[in-house]
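Report on the structure given below.
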Amino acid sequence: MSVVNFIIQNILTQASVTIALIAMLGLILQKKSAGQVISGSLKTMLGFMVLSAGSTIIVGSLTYFGEIFTEGFNMQGIIPSIEAINGQAMNELGLGRDIALTFLAIFVFNIIIARFTRWKYIFLTGQAILWMATMTTVFGYFAGLRGLALILVGGFIGGVFAVAMPAIAQPFVRKITGMDDIALGHFCTVGYVFEAGVAKLFGEKGEKKKSVEDLKLPAQFEFLQDTYLSLMVVMIPLYIVTAAFAGEAFASELSGTTNYLMFAFIQSIQFVVGVYVLLSGVRLLLGEIVPAFRGIAMRLVPNAKPALDCPVLFPYSPNAVIVGFITTTIGSVVAMLVLPAFGLAMILPGMLTAFFAGGTAGIFGNLTGGARGAIIGGVVHGFFITLLPALLVTTFNSMGFVNATATDVDTVTSALLYAWIIGPLLKAL
Amino acid sequence: MFGFGKKKAKEPKIESTEFVLLTAERKEELQQTISIKKEEINHSTGEQQAKIYEEIGLAFYELGEEDNAIDSFEKSIQAKKSLGTAYKTLLKLYNKKRAEAAQANDEESLQLYLKKMDQMMQVSKEVTRGVF
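The listed protein sequences derive, respectively, from chains S and Y. For the record, in the first sequence the residue sitting at position 351 is 351 according to the UniProt record's numbering, with numbers rising by one throughout. For the record, in the second sequence the residue sitting at position 12 is 12 according to the UniProt record's numbering, with numbers rising by one throughout.
Below, the structure is given as structure tokens:
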């Protein structure tokens, strides 16, 4: 009995072990050899530990940033980073095990829904499912759910999103790609459909509709070529300007013997290092689990449409991606400046979200409202995807998250579902 | 919100019109195109090579020789990453192969084509971001 107790209390409480066991299950179900099962499980465990290490680096840098921002601007400055949220939830908040099990539950519910309803979509973007599992777990926990209920409710909601989002996007995707056998699996779909609606309302109509694809645009953004380079382009000036506003006297207290601006510069790079390490961890973590489970899903629902990551649409409308990126960035900056006037936190712009979510949204806007629709819709989209995460800041703060909020709007929508509907319902019962 | 799919079911499927029966003449013409283009490849590089491979791939695709078409499209993207016809047709073919593997319960091919589709997402990201 003492052995069983030891296992339950000391081994299964370790999130890294739970995650490794999930990977092991997937590998065994795939009938892999003993060697492959062991190495795959160990790699998954390593991934979790690397992810945690990345999170610690990010938190260190964000804590510093939070202090200088508050001093410099007298308000809270929030960095939108789903990676930072995931890392803190998994690591600092100790929700790693629940997130891992919810991740597995989302896969299972996705398969069940696709198998037994007419919405036959299998969500293949593993990283996006991890972010969804993070948000349903964090907000489920905040709403008061624990244990199995937390995992099952999160798995069900995540599973519904994994099917509903590709289903909602499909009428547009069909028109964009000219085929019906591939779907869009990216948890920013609420924003895409929102932009399509705005573009339809304010864009060109009928024969006057002029596609952005007919325009000549400069197609290259060199700083976007590398994920980490594009993060640095934003983070370095952000940290240095903030440190300058905080003033030498205050910032020097934090920087010790190092010059306060130099310290801000190093801290901004530290943030990027943290994201780099964390995402390497995520890749290791998902490298074994995702192929195993999506193989199982595709075989159990062989006639399902695979829902792929957003670059699946880029080839069909490359100019709209550029227009979407620029206009979404403009909308995010406007929202950054406007939202604090309404008592919300200042959400700093996230270049990568603006590129991937904004770019894809641009394709939707161009489809329904032509060039004018893509431009107006893009700016409104930028505002929208900044506003939604701003609504979560109070909850994140009260849970002990450091200066970050989520990005992908579908995961934010699921969080708001907990905060506005499930939480109050649980309290009323 | 789930009402979207309903009326769309009536829309004609685009792919169904693609596979028309080839006449013997057209077949011969396509095969001739393939052999001429294969010759041209040896004297070309980079972008031009990618274009020729794309044309060969499209000829194979029309002939219904999917494996050969895949091979040519892959070579086209290898010679120069781009998001043109070669890319779009290749992704479509990968997805078809994936669906066939899923139907046949063939785990190995299923994983192979899922992985190839992942790589296509990467190519799309890179080309759009201007990485060559």
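Positions of the beta carbon are idealized from the N, C-alpha and C atoms, including for glycine. Note that the structure is predicted; figures quoted are calculated from it, not measured.
Q.
For Leu93 (chain Y) and Ile56 (chain Y), which I take to be in contact (beta-carbon distance under 8 Å), what is that distance rounded to the nearest angstrom?
A. For this step, residue 93 (chain Y) is matched to residue 93 along the second sequence. For this step, residue 56 (chain Y) is matched to residue 56 along the second sequence. Rounded to the nearest angstrom, the Cβ distance from Leu93 (chain Y) to Ile56 (chain Y) is 14 Å, too far for a contact under 8 Å.
Q | Beta-carbon proximity of Val379 (chain S) to Thr327 (chain S), cut-off 8 Å | A | Here residue 379 (chain S) refers to the residue found at position 379 of the first sequence. Here residue 327 (chain S) refers to the residue found at position 327 of the first sequence. Cβ atoms of Val379 (chain S) and Thr327 (chain S): closer than 8 Å.
(Q) Quick check on Lys92 (chain Y) - is its C-beta less than 8 Å from some C-beta in chain S? (A) As a position in the second sequence, residue 92 (chain Y) is number 92, starting the count at 1. For Lys92 (chain Y), the answer is yes, since a Cβ of chain S falls inside 8 Å of its Cβ.
Q | Counted within 10 angstroms of its Cβ, other Cβ atoms place Asp408 (chain S) as buried (16 or more) or exposed | A | Locating residue 408 (chain S) in the first sequence gives position 408, counting from the first residue. So Asp408 (chain S) counts as buried.
Q: Can you give me, in chain order, the residues of the segment 69-84 of chain S that have a beta carbon less than 7 Å from any beta carbon in chain Y?
A: Answer in chain order: no residues at all.
Q. So, do the segment 15-25 of chain S and the segment 241-256 of chain S have three or more beta carbon pairs nearer to each other than 8 Å?
A. Contact fails between the segment 15-25 of chain S and the segment 241-256 of chain S, because fewer than three Cβ pairs, one in each stretch, are under 8 Å apart.
Q.
Counting only Cβ pairs nearer than 7 Å, list the residues of chain Y close to Asp181 (chain S).
A. Here residue 181 (chain S) refers to the residue found at position 181 when the first sequence is read from its first residue. Within chain Y, the residues whose beta carbon sits less than 7 Å from that of Asp181 (chain S) are Asn95, listed in sequence order.
(Q) In the DSSP assignment, the alpha helix (DSSP H) including Tyr87 (chain Y) goes from what residue to what residue? (A) What you label residue 87 (chain Y) is simply residue 87 of the second sequence in a count that begins at 1. The continuous alpha helix (DSSP H) containing Tyr87 (chain Y) extends over residues Thr85 to Gln103.
Q | Segment limits, alpha helix (DSSP H) that includes Lys115 (chain Y) | A | Here residue 115 (chain Y) corresponds to residue number 115 of the second sequence, with the count starting at 1. Per DSSP, the unbroken alpha helix (DSSP H) holding Lys115 (chain Y) starts and ends at Glu107 to Thr128.
Q: Could you check how far apart the C-beta atoms of Thr70 (chain S) and Glu288 (chain S) are, in whole angstroms? I think they sit under 8 Å.
A: The residue given as residue 70 (chain S) occupies position 70 in the first sequence. The residue given as residue 288 (chain S) occupies position 288 in the first sequence. Between Glu288 (chain S) and Thr70 (chain S) the Cβ distance is about 41 Å, and since that is not below 8 Å, they are no contact.
Q: Please list the partners that Thr128 (chain Y) has in chain S, where partner means a Cβ-to-Cβ separation under 8 Å.
A: Against the second sequence, residue 128 (chain Y) aligns to sequence position 128. Within chain S, Pro311, Phe314, Pro318, Val321 and Gly359 have C-beta atoms less than 8 Å from the C-beta of Thr128 (chain Y), given in sequence order.
Q: Would you please verify whether the beta carbon of Ala102 (chain Y) is less than 8 Å from any beta carbon of chain S?
A: Working through the second sequence from its first residue, we reach residue 102 (chain Y) at position 102. Residue-level contact check: Ala102 (chain Y) touches chain S, since one or more beta carbons of chain S fall below 8 Å from its beta carbon.
Q: Provide the residue(s) that pair with Gly400 (chain S) in DSSP beta bridges, ordered along the chain.
A: For this step, residue 400 (chain S) is matched to residue 400 along the first sequence. None; Gly400 (chain S) has no bridge partner.
(Q) Would Ala183 (chain S) and Tyr121 (chain S) qualify as a contact pair, given that the criterion is a beta-carbon distance under 8 Å? (A) As a position in the first sequence, residue 183 (chain S) is number 183, starting the count at 1. As a position in the first sequence, residue 121 (chain S) is number 121, starting the count at 1. Contact check for Ala183 (chain S) against Tyr121 (chain S) passes: the beta carbons are separated by less than 8 Å.
Q | Residue environment, Asn303 (chain S), which counts as buried when at least 16 other CB atoms sit within 10 Å | A | Counted from its first residue, the first sequence places residue 303 (chain S) at position 303. Counting Cβ neighbours within 10 Å, Asn303 (chain S) comes out exposed, since fewer than 16 surround it.
Q) How do the segment 353-367 of chain S and the segment 235-250 of chain S stand: do at least 3 beta-carbon pairs fall below 8 Å, yes or no? A) In the pairwise beta carbon analysis, the segment 353-367 of chain S is classified as not touching the segment 235-250 of chain S: fewer than three pairs are separated by under 8 Å.
Q: Establish whether the CB of Arg115 (chain S) and some CB of chain Y are separated by less than 8 Å.
A: Taking the first residue of the first sequence as 1, we reach residue 115 (chain S) at position 115. So, not an interface residue.
Q) Can you tell which of S:Gly359, S:Phe325 and S:Ala297 has its C-alpha closest to the C-alpha of Leu110 (chain Y)? A) On the second sequence, residue 110 (chain Y) is found 110 positions in, with the first residue counted as 1. Comparing Cα positions, the closest option is S:Ala297.
Q: Determine which residues of the segment 260-294 of chain S have a Cβ less than 7 Å from any Cβ of chain Y, and write them out in chain order.
A: The residues in question are Pro291 and Arg294.
Q. Exposed or buried, what is Lys37 (chain Y) when buried is set at 16 or more other beta-carbons lying within 10 Å of its beta-carbon?
A. Counted from its first residue, the second sequence places residue 37 (chain Y) at position 37. By the C-beta density criterion, Lys37 (chain Y) is buried, having at least 16 other C-beta atoms within 10 angstroms.
Q | Distance, Pro291 (chain S) Cα to Asn110 (chain S) Cα | A | If you number the first sequence from 1, residue 110 (chain S) lands on position 110. If you number the first sequence from 1, residue 291 (chain S) lands on position 291. Distance from the CA atom of Asn110 (chain S) to the CA atom of Pro291 (chain S), rounded to whole angstroms, is 15 Å.
(Q) Using a 10 Å radius around the Cβ and a threshold of 16 neighbouring Cβ atoms, would you call Gly369 (chain S) buried or exposed? (A) Residue mapping note: residue 369 (chain S) aligns to position 369 of the first sequence, counting from 1. Flag for Gly369 (chain S) reads buried.
Q | Cβ neighbour criterion (16 or more within 10 Å) applied to His43 (chain Y) | A | Against the second sequence, residue 43 (chain Y) aligns to sequence position 43. When all chains shown are included, His43 (chain Y) counts as exposed.
Q) What are the residues that DSSP puts in a beta bridge with Thr405 (chain S)? A) For the purposes of this step, residue 405 (chain S) is taken as residue 405 along the first sequence, with counting starting at 1. The partner list for Thr405 (chain S) (beta bridge, DSSP) reads S:Pro80.
Q) Can the beta-carbon of Thr89 (chain Y) be found closer than 8 Å to that of Tyr61 (chain Y)? A) Within the second sequence, the letter at position 89 stands for residue 89 (chain Y). Within the second sequence, the letter at position 61 stands for residue 61 (chain Y). Cβ atoms of Thr89 (chain Y) and Tyr61 (chain Y): closer than 8 Å.
Q. Given that a residue counts as buried once 16 or more other Cβ atoms are within 10 Å of its Cβ, and exposed if not, what is Phe2 (chain Y)?
A. Against the second sequence, residue 2 (chain Y) aligns to sequence position 2. Because the pLDDT at Phe2 (chain Y) is just 46, under 50, the model does not fix this residue reliably, and the value given afterwards should be weighed accordingly. By the neighbour-count criterion, in which 16 or more other beta carbons inside 10 Å mark a residue as buried, Phe2 (chain Y) falls on the exposed side.
Q. Under three-state DSSP, which class holds Met1 (chain S)?
A. Within the first sequence, numbered from 1, the residue matching residue 1 (chain S) stands at position 1. Reduced to three states, the DSSP call for Met1 (chain S) is coil.
Q. How many Å lie between Tyr418 (chain S) and Met49 (chain S) at the Cα?
A. Sequence index remark: in the first sequence, residue 418 (chain S) carries index 418 (1-based). Sequence index remark: in the first sequence, residue 49 (chain S) carries index 49 (1-based). Cα to Cα, Tyr418 (chain S) sits roughly 29 Å from Met49 (chain S).
Q | Where Lys305 (chain S) sits in the DSSP three-state scheme | A | Taking the first sequence and counting its residues from 1, one reaches residue 305 (chain S) at position 305. Lys305 (chain S) falls in the strand class under three-state DSSP.
**Q.** 7 Å CB neighbourhood of Ser72 (chain Y) in its chain, flanking five on each side removed
**A.** Here residue 72 (chain Y) is taken as the residue at index 72 of the second sequence, counted from 1. The answer, listed in chain order, is Tyr53, Ile56, Gly57 and Phe60.
Q: Can you check the segment 161-204 of chain S for any alpha helix (DSSP H) of at least 4 residues that lies completely inside it and give the ranges in chain order?
A: When DSSP assignments are scanned along the segment 161-204 of chain S, the uninterrupted stretches of alpha helix (DSSP H) that are 4 or more residues long and fall wholly within it turn out to be 189-202.
Q: Would you mind stating whether Ala320 (chain S) and Val212 (chain S) have Cβ atoms separated by less than 8 Å?
A: Walking along the first sequence from the start, residue 320 (chain S) turns up at place 320. Walking along the first sequence from the start, residue 212 (chain S) turns up at place 212. Result yes, Cβ atoms of Ala320 (chain S) and Val212 (chain S) sit closer than 8 Å.
Q: Examine chain S for any beta-carbon lying closer than 8 Å to the beta-carbon of Leu58 (chain Y), and answer yes or no.
A: Taking the first residue of the second sequence as 1, we reach residue 58 (chain Y) at position 58. For Leu58 (chain Y), no Cβ of chain S is located within less than 8 Å of the residue's own Cβ.
Q | Spatial neighbours of Gly77 (chain S) in its chain, beta-carbon cut-off 8 Å, leaving aside the 5 residues before and after | A | For the purposes of this step, residue 77 (chain S) is taken as the residue at position 77 of the first sequence. Contacts found: Phe65, Gly66, Phe69, Thr70, Thr242, Ala345, Met346, Leu348 and Asn403.
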